[in-house]
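> Taking the numbering used here, the leading residue of the sequence shown gets 7, the next gets one more, and so forth.
The beta carbon of each residue, even a glycine, is placed where N, CA and C say it ideally should be.
Structure in structure tokens, see below.
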Amino acid sequence: MLLVDFPYPQALPDGELIESVQEYVEATGEGSDVITRVAGITFGGWPTWHLTDPDEVLCLTCSAPCRLLFTVASDQTTGATVGRWGDFRVFACPAGKGHGYVFDQH
7 MLLVDFPYPQ ALPDGELIES VQEYVEATGE GSDVITRVAG ITFGGWPTWH LTDPDEVLCL
67 TCSAPCRLLF TVASDQTTGA TVGRWGDFRV FACPAGKGHG YVFDQH
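See the structure below:
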């Protein structure tokens, strides 16, 4: 089964798309954020903001907005548990390879 995640609805480019995505979430989810919070271990995609308001993760070297590289999300199927059922995320700076990574638990 292929799972596709989307950015947090407020990051989508237009109101019609936001409405369509929110309708999809309501139709397929049980009150959870099923499209921006894909369970298990993922590479790339979009960061989830299920605990806080959306925010940029900035590079610690140059303050550029980082991109999500890797997520380990708590999931019963994979047996992964992060903190109190959260996510461990690794972000990378697109501006420079030597800028390192930003680690985040959400």
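Between A98 and R73, is the Cβ-Cβ spacing less than 7 angstroms?
yes
> DSSP three-state label for L57, please.
Reduced to three states, the DSSP call for L57 is coil.
> Mind checking which residues open and close the beta strand (DSSP E) that includes T48?
T48 -> beta strand (DSSP E) spans G46 to F49.
> Going by other Cβ atoms of all chains shown within 10 Å of its Cβ, with 16 needed for buried, is R95 buried or exposed?
buried
> Chain D beta carbons: is any one of them nearer than 7 angstroms to that of T67?
Checking the listed chains, one finds no chain D in this structure; it contains a single protein chain.
> My guess is that F12 and W52 are in contact by the Cβ rule of under 8 angstroms, so how many angstroms apart are they, rounded?
6 angstroms
> Using the Cα positions of R90 and A70, report the straight-line distance between them to the nearest angstrom.
So the alpha carbons of these two residues sit roughly 30 angstroms apart.
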